[in-house]
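Read the structure below first, then the notes.
Numbering (the working numbering), first residue to last: 1 to 92.
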């Protein structure tokens, strides 16, 4: 940006059945970025899926345990509850 190299964080949202996707770039990986990416994704892709599959990013997971055990971030969980979808997480 402005003639200088800038590291960007990219949100990539893809529907598993249709493979339709949305990619948005942000300067920082924050909760606000995560919420904005979901809002745009749900709007552009035409709704909210039943389930979202996530890596173990810090904005979604506070602690990764063994197997499927996760301490999910409360702000992320509040967003998932607001949009009524079930978050699932990849194994580390």
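No residue lacks a Cβ here, since even glycine has one placed at the ideal position from N, Cα and C.
Check                                                                                                                                                                : Outcome
Please return the same chain residues whose Cβ sits closer than 6 Å to the Cβ of residue 63, not counting the five positions on each side in sequence.               : 71
Along the beta strand (DSSP E) that carries residue 31, what are the first and last residues, could you check?                                                       : From DSSP, residue 31 is part of no beta strand (DSSP E) but of the alpha helix (DSSP H) over 31 to 45.
Would you kindly report the start and end of the unbroken beta strand (DSSP E) that includes residue 24?                                                             : 21 to 26
Here's a check: name, in chain order, each residue in its chain whose Cβ is nearer than 6 Å to the Cβ of residue 83, leaving out the five neighbours to either side. : 48
Given a threshold of 16 other Cβ atoms within 10 Å of its Cβ, counted over all protein chains shown, does residue 79 qualify as buried or as exposed?                : buried
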